[in-house]
Structure formats: C-alpha cells, structure tokens
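For the protein sequence lines, the chains are A and B, in the order given. Just so you know, the first sequence maps onto residues 36 to 337 in our numbering. Just so you know, the second sequence maps onto residues 1009 to 1243 in our numbering. Beta carbons are placed, not taken as given, at the ideal position from N, Cα and C, and that holds for glycine. Presented below is the structure to which this report refers.
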Amino acid sequence: MEEFLQQVINGLSLGAIYALIALGYTMIYGVLRFINFAHGDVFMVGAYIGFFIYPLLSESLETGYLTAFAVLLAAMLGCGLLGVTIEFLAYRPLRNRPKLTVLITAIGVSLFLEYTGQIDFVFGADYKTYPTLVERSAVLSGSGLSLGSDQVIVFVVAIGLMLLLRVIVMKTKIGIAMRALSMNLSAASLMGINTNRVISFTFFIGSALAGAGATLYAISYPKINPLMGVLPGLKAFVAAVLGGIGNIPGAVFGSFFIGTAETMTAGYISPTFRDAIVFGILILILIFKPSGLLGKGGVEKV
Amino acid sequence: MLQVEHLHVNYGAISAIKGISFTVPERSIVTLIGANGAGKTTTLRTISGLVKAESGKILFKGKDITSTPPHQIVSLGISQSPEGRMIFPELTVLENLKMGAYRRKDTKGIQEDMEYCFTVFPRLKERIKQAGGTLSGGEQQMLAIARALMSKPSLLLLDEPSLGIAPLLVKLIFEKIVEINRDLGTTMLLVEQNAAMALNIAHHAYVLETGEITLEGNARDLAQNEEVQKAYLGM
C-alpha cells in the first residue's frame, strides 16, 4: 500500500510538471488550431535561463527561496518572450497558409532551438548541472512513504499557476477574448478584438508556463542539455491529446494521468517501459477516442 | 455615412464583387437584396475588413477605410451582426455582450447600453447566465444584434437576420431593427434574401446579382417593380 501511495505521489508530481507544459500546447492549439512542436524546446530554454541567471541572482539575493522564486520568474518571463518572438517571426507570416505549412515550420523551429543550443558558445551539447535552488529535505518520511521538499514545491507552484491561469482565462477581459477567439476567429475580430494581440498573449502565457515547468523539472532532475525538452514535450503533448486538445482542464487531467501511468509502469512493471506506456496510451486514445477524454467531438453547431 | 465606390473583391481567381457602388445615408436603413451567392455577405465582410478589396474604395464618414484592419473598423463605429449569427457558444449571454463592448472603456455607458439591449430583447435578460450555444436560433439572432450594438456603432451591418428562424420571430426581429433605428438613430445596412421583409422596413434598396448591382431605388418603389416582384417576392 505504501509503495502504491508513493508511486501516486511521484506520479502526480511528475504530472504537475507535464501539466504546465501541456497547457501551452492546448492553449496555442485553441487559438491557432496547430501543434506548436517547438514548445518542448521553449521548455528546454527555460531550464538554461535558470542555469545562467542563478549565479547572477544568488549574489544579490539572500535566502534560498527568494532566489528560487526569482529564477522561476526569470525563466517564465524569458520563455514567454521567446514564445511571442517565435510566433511573430515564424508563424504569423504564415497565418493564412495551410496548417501543414505552419506545422512543418514548427518542427523547423524546434530543430533550430535544439541544434543551435548544442553549439559550444550557446549552451553546449554536454550535460550541465542545474543549480540546487532548494535544499532537498524530507517533509514526510518513515512508514515507507517519502515526500521531498522539492515535490512539495512542485505541487504548490504548479497548482498555484494553474489556479492563476484559470482566473485569467475565465474572469479577465483578455482571457474571455482568448476563449472567444478559440471559438470563432472572425466573430472575435468583428467584436473589435485585435486577434494578433490576443494570439501573442496566448503564446506568452503558454510559454511562460513551460518556463515554470522547466524550473520545476530541473529542480527534480538537475541534469540539463539542449535535447532535454524532446521527451517531456512529447509526453505533455500526449497528455494534452488525452485530455482533449484545446481543452484546458483536459490538459491538466491528462497530465496527471500520464505522470501517474508513467511512474506506476516504472515501479510495477519495468523502468524500461516508462516511455513506451505513454505512447501506447497515445495510440489507444487515437484509435478509440481521438477527441480526447474531455474533448468535444468534431461537430460544431453552425 | 457610408460610400462604397467601384468595389471589386476576388476570392482567388473568382471575382465575387464586380465593381459595385452604393451609399448609405445617415440614420437610414438601406438593404441589399439578392439571391444566394450574389455577393451580399462578401460585401459586408469587406466593409468590416475581414476580406481584402481588390480595388475600389470604402469611405466611412468621409474617411477611406478600405484597408483598415477589422478591430479598428469597430473602433471607428461600424459593427456587424454576421451571417449565421456566430455567437460564442461556450460564453454566457453576458460574456457575449461584454465581448461586443470589447473596445470600450466607459463602464457606465456599457451598462446603460446593456440595459437598452435588455429592454429591446427582454429574453436575453432571462437567459443572461446561459451559454450562448444553448439559445434557440431566434434568441441567438437577438444576441447577435445586441452584441453588435454593444460597441455603440453609428453603422450597424446586419447579415441575413432572418436566416433559419421561425417566421413569427423573423417578424419580431425586423420590428426590433426598426425600433433600434428609431431609438438610437443607428444607420443600418441590411443584407437579406427575404426581400419582402427587407423592402418593408428599408428606406432605400439595391438589388445585387452575381456581384453587380442591377437595380436600385426607394424601397417602396422597388417592392412595386415587376422584375423584383417576379424574381424576389414570388409574385
């Protein structure tokens, strides 16, 4: 039983990180109807932002948590701006082209970030060790169950950001505009909504969440390299599809599901299968419920 | 208020609008009638900036707005109730109306205009918290018109308000259009396949056929015109 609970805790904390990445996929899909395959690499850049900015911040800021918070904000801001820039330079000029064109461009941007990152004077191809932002200590131990301070931080930050996102999307004017745009782009322009501005805002928020996810991921798995975004990016994408792409609560639900499935598989079957199970789920969902668990079908009332 | 001059619009290689010119005087109701595919919706979408004109000019209050982006056109005072209503299905009636007022910052004025919309369409007030997609077709049409009014337009473009709605509600909605025009002095450009209803409330009318204006005149006169009666009024 303890082992089971332990796997649940580990799975949910991994899932919380996937959720921060998956939200970006699903929000960007919501407004532009395409998968931003460069999203996982924006996540990777978020880890490097933390890596490079930590030495600068840790000199001027005292306590560990304050520095960690500043690193988190810097990664979010940096990734947010990177996302907006990618959209502006690579996707906006293709706005009225077929979706396939944009999709292939996204793969191009992804490869660009991965391989530019590997150049020596950029990030370098080797593994770097992410700074210890928070000392790992056991918040709960004994009775066979352990909960690390890093996991608590992952939960608190991830859930805090998700609640903040919910308020933005449901209550603020720009959030409602974002939803309006995802339902009908021309109707949104007829309301006087500057659709390009809302799209930029969506990229900013989605990418900033990936930056937060990267910081939390690097706290838990401190080896970083320019290809580190590929697998978490793909898994978060699977989570978004599982929940129903374009559906925000779906992305969160799908992520917790994928995270738990992954740790359960690693714990009870074999760690070798932890990646295979995720893509196995993708295949099953595409066969049996392509619109995702919480997604609506393709039929729209006209 | 609105002058369209020699407007040409193409969709790819297909020429949808072939050099039309018309004017909409202040405070009037002008209608463009014509069959499906005549180019009525394209004309409205071009005025709103959703479609680019190939050549020609659109002047609003004397200012050339031909290549102005859609959101700025709303700021200038033109709003549209689009064909098929295009309600945001998962937003509530209230949120739909708030989106209509997206570019406004005068909270008090927005509140007053919303009250006005509710006196014109009391049914919307009853459904204020309901998702737009759950309304009936007629209610959605009311919401589309109210939403367009929320930007406080001086020119309201109405695209097929009678489309897919029960005849009784069509009559009600047309009465409301006249009421709004009378109360607020909003200039209206109405596009309709239901020529009888449109000619009944409009002051001036244009007949659009495959991208060209073939007839124009006082709405009452056109309703008496033999060709119009045969082609559009089923007489």
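Grab me the residues of residue i's own chain with a C-beta within less than 6 Å of its C-beta, minus the 5 sequence neighbours each way, in chain order.
| i | result |
| --- | --- |
| residue 235/A | 119 |
| residue 308/A | 300 |
| residue 334/A | Note that residue 334/A scores 45 on pLDDT, short of 50, meaning its location in the model is unreliable and no value can be drawn from it. |
| residue 243/A | 111, 114, 115 |
| residue 151/A | 157 |
| residue 1219/B | 1024, 1025, 1026, 1047 |
| residue 160/A | 153 |
Pull up the DSSP beta-bridge partners for residue i, would you.
| i | result |
| --- | --- |
| residue 1196/B | 1037/B, 1164/B |
| residue 1083/B | Answer is none; residue 1083/B lacks a bridge partner. |
| residue 258/A | 164/A |
| residue 1088/B | 1165/B |
| residue 1071/B | 1068/B |
| residue 182/A | 175/A |
| residue 1139/B | 1100/B |
Between which two residues does the beta strand (DSSP E) holding residue i run?
| i | result |
| --- | --- |
| residue 174/A | 173 to 175 |
| residue 1019/B | 1010 to 1019 |
| residue 1212/B | 1212 to 1217 |
| residue 1032/B | 1022 to 1032 |
| residue 1068/B | 1063 to 1068 |
Skipping 5 residues on each side, what residues in its chain have a beta carbon closer than 8 Å to that of residue i?
| i | result |
| --- | --- |
| residue 337/A | At residue 337/A the pLDDT is 34, less than 50, meaning the model places this residue with poor confidence and gives no usable figure here. |
| residue 27/A | Residue 27/A lies beyond the stretch modelled for chain A, which goes from 36 to 337, so this question has no answer here. |
| residue 223/A | 212, 215, 216, 230, 233 |
| residue 1013/B | 1029, 1064, 1065, 1066, 1067 |
| residue 1104/B | 1095, 1096, 1140, 1151, 1155 |
| residue 1217/B | 1042, 1043, 1046 |
Considering only residues of the same chain and omitting the five flanking positions on each side of residue i, which have a CB-CB separation below 7 Å?
| i | result |
| --- | --- |
| residue 1167/B | 1049, 1052, 1088, 1089, 1090, 1091, 1199 |
| residue 297/A | 46, 49, 309, 312, 313 |
| residue 245/A | 55, 56, 59, 74, 77, 78, 81, 114 |
| residue 106/A | 85, 88, 89, 92, 168, 250 |
| residue 43/A | 295 |
| residue 1145/B | 1172, 1173 |
| residue 237/A | 62, 63, 66, 213 |
| residue 1086/B | 1055, 1056, 1068, 1161, 1163, 1165 |
Return the first residue and the last residue of the alpha helix (DSSP H) that residue i is part of.
| i | result |
| --- | --- |
| residue 1223/B | Note, residue 1223/B: premise wrong, no alpha helix (DSSP H); beta strand (DSSP E) at 1220 to 1226. |
| residue 271/A | 265 to 278 |
| residue 1130/B | 1130 to 1134 |
| residue 122/A | That residue, residue 122/A, is in no alpha helix (DSSP H); it is neither H nor E in DSSP. |
| residue 140/A | 134 to 152 |
| residue 88/A | 74 to 95 |
| residue 1236/B | 1234 to 1240 |
| residue 228/A | Neither: residue 228/A is in no alpha helix (DSSP H) and is coded neither H nor E. |
Please determine, among the options, the residue with the shortest C-alpha to C-alpha distance to residue i.
| i | options | result |
| --- | --- | --- |
| residue 248/A | 192/A, 262/A, 278/A | 192/A |
| residue 270/A | 129/A, 254/A, 292/A | 292/A |
| residue 1244/B | 1100/B, 1150/B, 1106/B | With chain B covering 1009 to 1243 only, the question about residue 1244/B has no answer from this structure. |
| residue 194/A | 258/A, 144/A, 284/A | 284/A |
| residue 318/A | 149/A, 199/A, 272/A | 272/A |
| residue 1059/B | 280/A, 240/A, 221/A, 266/A | 221/A |
| residue 39/A | 181/A, 330/A, 189/A | 181/A |
| residue 52/A | 208/A, 99/A, 253/A | 253/A |
| residue 1152/B | 208/A, 226/A, 165/A | 226/A |
| residue 282/A | 204/A, 258/A, 209/A, 146/A | 204/A |
| residue 1184/B | 1201/B, 1209/B, 1109/B, 1057/B | 1209/B |
| residue 1175/B | 1056/B, 1187/B, 1204/B, 1082/B | 1204/B |
| residue 1120/B | 1234/B, 1242/B, 1157/B | 1157/B |
| residue 1187/B | 1037/B, 1031/B, 1010/B | 1037/B |
> Using Cβ-Cβ distances below 8 Å, what residues of the region 203 to 227 of chain A are close to chain B?
Replying inline: 208, 211, 212, 214, 215, 218, 219, 221, 222, 223, 224, 225, 226, 227
> What residues in the region 1105 to 1116 of chain B bring their beta carbon closer than 8 Å to a beta carbon of chain A?
Replying inline: 1106, 1107, 1108, 1110, 1111
> Between the region 1154 to 1173 of chain B and chain A, which residues of the former have a C-beta closer than 7 Å to a C-beta of the latter?
Replying inline: 1159
>> For the region 44 to 58 of chain A, list every residue whose C-beta sits within 9 Å of some C-beta in chain B, in sequence order.
In response: none
> Which residues, taken in chain order from the region 1045 to 1059 of chain B, show a beta carbon closer than 7 Å to some beta carbon of chain A?
Replying inline: 1056, 1058
> Going along the chain, which residues of the region 274 to 299 of chain A sit with their C-beta nearer than 8 Å to a C-beta in chain B?
Replying inline: none
>> Short of 9 Å Cβ to Cβ, which residues in the region 1064 to 1089 of chain B face chain A?
In response: 1077, 1078, 1079, 1080, 1081, 1082, 1083, 1087, 1088, 1089
> Using a beta-carbon distance cut-off of less than 8 Å, what residues from the region 227 to 256 of chain A approach chain B?
Replying inline: 227, 228, 229, 230
> At a Cβ cut of 7 Å, what residues of the region 1091 to 1105 of chain B count as close to chain A, listed as they run along the chain?
Replying inline: 1092, 1094, 1096, 1097, 1098, 1099, 1103
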